[in-house]
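S.K.: My structure is below; once you've seen it, I'll send some questions.
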Amino acid sequence: MRFAAVALFCAAMAAGCKAPSAPAAPAGDAPRASAKPIRIAMIAKSSTNPIFLSARRGAETAARDLTLKTGVPIEIVWLTPPTEDGQIQAQRIAQAVNEGASAILVSCSDAGKLTGAIDDAVARGVPVMTFDSDAPASKRFSYYGVDDRRLGEQVMSELGKLLNGRGKIAILAGNQNAPNLRRRVDGIKAEAAKFPGIHIVGTFYHSETPQDAAAEVIRVNNAYPGISGWAMAGGWALYTKTLLTDLDPKRVKIVAVDALPPELPYVEKGLAPVLLAQASYLWGNVGVTKIVDKLVYKQDVPPIVSMDPVRVTIDTLGSWARQLRQWGFPDVPEEYLNLGQR
Amino acid sequence: MSVRHRLERLLRAEQAGLLAIITLMVIGLSLAAGSHLDEATGRTVNNFFNSYTLIQTATDASFIAIMAVGATIVIISGGIDLSVGSVYALAGVSMGLALRAHPPASGAGAVLLAVCVCAGIGAAAGALNGLLVVGLRVHPFIVTLGSMWILRGIAFVISKAESILLPEALVRFAKAPLGLGAALYPVPMLAMVAVAALGAVYLGQTVMGRHVYALGGNAEASRFAGLRLGRIQVGVYLLAGLTAGVAAFLGSSFYGSVSCGDATGYELYVIASAVVGGARLSGGRGSAVNAMLGAVLIVLIRQSIRTLHLDQNYEWIIIGCAIVVAVVLDQASVRFAARRLARRAR
């Protein structure tokens, strides 16, 4: 066994050969001599989801800008687990506190699991803010994100208008464990009840990967040939190109949450005439700004800072594409960047 | 016994290699971790070598380590159990639903009910695995692969995919500071040590434990020796389920909620801990204490990625490489030792 242990140690040490990354230095003005650096631990749901990578970019941009503005060095420490796991997130919160984080910005995969960890952090003097997915029973000082139920209602309202209030629809709901998605589905169903001519054939859950989501849509479409609309609580299925060829825009309309670059062709082709985008970049950007407001400027931050979704249609496609590019998304199709520009 | 003799015995001990590596890693991480100023006390605190991080690391390892003790017993017998993560989820969800349906009047009652439900469900699921392996004569890999899906599916259906909050009494129990001070929670760590000690006693000091080694070492010889192999097999899977139930009780109580997605993928960490701890997948070799140390080592590697601010996207690659390299070298060392013994015999 000693050989095995030595091997493990060597592998771990080889991994450790890389020097620890230094905190981001302020890009311009030198910090005030008395300014104490601020380290914000950012814990999103999963580091493999592009939506959270844009949130990280937003947080790092805000940290850079605010470092220049306030003279206080601000560093973002990215502690997001590779896949969604509330237990790992709780461990990362404890780790951030142990390593002297000044504040924590977290999107909760499982509010129940994180409430205790957030309360422990607050008890040890580290303020916590949530974004995207809240832990309302915890002692976090603020939440920034959309009202998920309202967002679900908006999805259904848009779809109802597109279908003239008639037809069979299906709901694509993602992971059944995610409380924010469940609230969106509740909103979709509540709004659908206002359209007597609309019949929901079912709510369909799946692993939150583009391939699984697209496969689920195709399976359901084959099983229910009369479906004329899809209300999607997230944009997973539209991250693939499959549905562009498998669904006929004349027969099926989609309204989905989120409008990331891979989804934009669906707007152009008319298959998804309306997407309700969450400005994920702002999760990080506004989150860091609010934390700095609290820590540096000693301002009161409201317990809920509401984010309104952005309505992306063929008319706003160009401006939204440019906004995505400005937020650092490298894969925005070039053809959309010039749309609507004089 | 002289000090020198004791030292030699310690160095020859099965755990010496793992303990040495863990100690070296702790020293290395402490030196490389850097420090920060503690706002509350005004003192400079090492980012790794502080009571909070050390206990947190042990806590993170404890839930995996407890399951790894059970998994090691199965592996020693020549079997494998892929369902421990699902048993964890089912036991946790059942506990949450039972406490919701019958809220006990007292905190002690809640803890007692939770322990009974978790241990009962875990043991029952484990026994079912064992019975299927023995009764159907299907390879345990297939049986437990099936039960992994079935048990998580049951957890999914009965919980309706809800995240169920647990009573405060359970959280207070799992997070009892035991006099260490605020925000230091040693209960999971102590439970891990206790389970590993019990596992070591079972494997090393009881007749049943020796039967497990005999079965894994040579099933045919064991059968001819009159051992009741079916009973031993059911017993080891029952123990694996039981440890998963205990881990579910502690883990769920510590985090205060349960859901059907809990411990997804943990079976791989559990098996990796057993293997890194020296358990031979073909059976006949392994140790409960080493399984615990294997879990601690894996969690320590994970922790080092954070502490050294390495790019965490490399976490899976690093852990995967470490496990493969460890097992390959371990097998080489076994072959080398066998050859050396053969040479001596000649």
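Protein sequences appear in the order of chains A and B. Position 123 (the first sequence) corresponds to 123 in the numbering used here; numbering is contiguous. If you count the second sequence from 1, you need to add 342 to reach the numbering used here. Ideal placement from N, C-alpha and C gives every residue a C-beta, glycine not left out.
#1: Quick check on the burial criterion: 16 or more other C-beta atoms within 10 angstroms. Buried or exposed for Asp653 of chain B?
#2: Within a Cβ cutoff of 7 Å, which residues of the same chain sit near Thr606 of chain B, ignoring the five residues on either side of it in sequence?
#3: Between Glu208 of chain A and chain B, is there a C-beta pair that is closer than 7 Å?
#4: Leaving out five residues before and five after Asn338 of chain A in sequence, what residues of the same chain have Cβ atoms less than 8 Å from its Cβ?
#5: Using the beta-carbon of each residue, which ones in chain A are nearer than 8 Å to Val387 of chain B?
#6: Who are the neighbours of Asn689 of chain B on chain A, taking C-beta pairs under 8 Å?
#7: Under three-state DSSP, which class holds Gly376 of chain B?
#8: Are the region 572 to 585 of chain B and the region 387 to 406 of chain B in contact at 8 Å, needing three or more beta carbon pairs?
#9: In angstroms with no decimal places, state the Cα-to-Cα distance between Ala137 of chain A and Val600 of chain B.
#10: In chain B, which residues lie less than 8 Å from Asn180 of chain A when you measure between Cβ atoms?
#11: Contact check, Pro165 of chain A vs Ile198 of chain A under 8 Å by CB: the rounded distance?
#12: List the endpoints of the continuous alpha helix (DSSP H) containing Trp236 of chain A.
#13: Would you call the CB atoms of Gly628 of chain B and Ala621 of chain B closer than 7 Å?
#14: Taking one C-beta from the region 164 to 180 of chain A and one from the region 227 to 247 of chain A each time, how about it: are there three or more such pairs within less than 8 Å?
#15: With a threshold of 16 other CB atoms inside 10 Å of the CB of Ser21 of chain A, please say whether the residue is buried or exposed.
#16: Please say whether Met490 of chain B and Ser425 of chain B have beta carbons closer to each other than 7 Å?
#17: Chain A partners of Arg442 of chain B, CB-CB under 7 Å?
#18: Taking the straight line between their C-alpha atoms, what separation do you get for Val480 of chain B and Leu474 of chain B?
#19: Are the CB atoms of Glu657 of chain B and Ile647 of chain B within a distance shorter than 7 Å?
#20: For Ala511 of chain B and Ala450 of chain B, I'd like the C-alpha separation in whole angstroms.
#21: DSSP three-state label for Tyr394 of chain B, please.
#22: With DSSP collapsed to three states, give me the class of Arg166 of chain A.
#23: Under a Cβ-count criterion, where at least 16 other Cβ atoms within 10 Å of its own Cβ denotes burial, should Asn471 of chain B be classed as buried or exposed?
#24: In whole angstroms, what separates the C-alpha of Ala497 of chain B from that of Val435 of chain B?
#25: Determine the chain A residues that contact Ala503 of chain B at a beta-carbon separation under 7 Å, and present them in chain order.
#26: Does the Cβ-Cβ distance between Leu639 of chain B and Ile406 of chain B come in under 7 Å?
#27: I want to verify the contact list: residues of chain B whose CB lies under 7 Å from the CB of Thr415 of chain A, in sequence order.
#28: Would you report the Cα separation of Ile415 of chain B and Ala111 of chain A, rounded to the nearest angstrom?
#29: Flag Arg627 of chain B as yes if its beta-carbon sits less than 7 Å from any beta-carbon of chain A, otherwise no.
#30: Could you give the DSSP three-state label for Tyr336 of chain A: helix, strand or coil?
#31: Count the other CB atoms within 10 Å of the CB of Gly202 of chain A; is the residue buried (16 or more) or exposed (fewer)?
#32: Going by DSSP, what residues sit across from Gly98 of chain A in a beta bridge?
#33: Please list, in chain order, the residues of the region 53 to 81 of chain A that have any C-beta partner in chain B closer than 9 Å.
#34: On the three-state DSSP scale, how would you describe His347 of chain B?
#35: Under 6 Å Cβ to Cβ from Asp148 of chain A, same chain only, skipping five residues before and after it: list those, please.
#36: In its own chain, which residues sit with a C-beta less than 6 Å from the C-beta of Ile74 of chain A, not counting the 5 before and 5 after it?
M.R.: According to the structure shown:
#1: exposed
#2: Gly427
#3: no
#4: Gly318
#5: Gly100
#6: The shown model of chain B, from 343 to 688, leaves out residue 689 of chain B, and the question about it has no answer.
#7: coil
#8: no
#9: 16 Å
#10: Under the 8 Å cutoff, chain B gives no residues; its nearest Cβ is about 12 Å from Asn180 of chain A.
#11: Here the sequence assigns Gly to residue 165 of chain A, which means Pro is not the residue at that position. Right, their Cβ atoms sit about 6 Å apart.
#12: Trp236 of chain A -> no alpha helix (DSSP H), and no H or E assigned at all.
#13: yes
#14: yes
#15: Confidence is the limiting factor: at Ser21 of chain A the pLDDT is only 37, short of 50, which leaves the residue's position unreliable and the question unanswerable from this model.
#16: yes
#17: Within chain A, no residue comes near Arg442 of chain B; the closest Cβ sits about 13 Å away, beyond 7 Å.
#18: 8 Å
#19: yes
#20: 8 Å
#21: helix
#22: strand
#23: buried
#24: 6 Å
#25: Gln176 and Asn177
#26: no
#27: Because chain A is modelled from 1 through 342, residue 415 of chain A falls outside the range shown and cannot be assessed.
#28: 35 Å
#29: no
#30: helix
#31: exposed
#32: Reading the sequence as shown, one finds Asn at residue 98 of chain A and not Gly. None, per the DSSP bridge assignment.
#33: Val77, Trp78, Leu79, Thr80 and Pro81
#34: helix
#35: Asn180, Arg183 and Arg184
#36: Ile38, Ala63, Leu66 and Thr67
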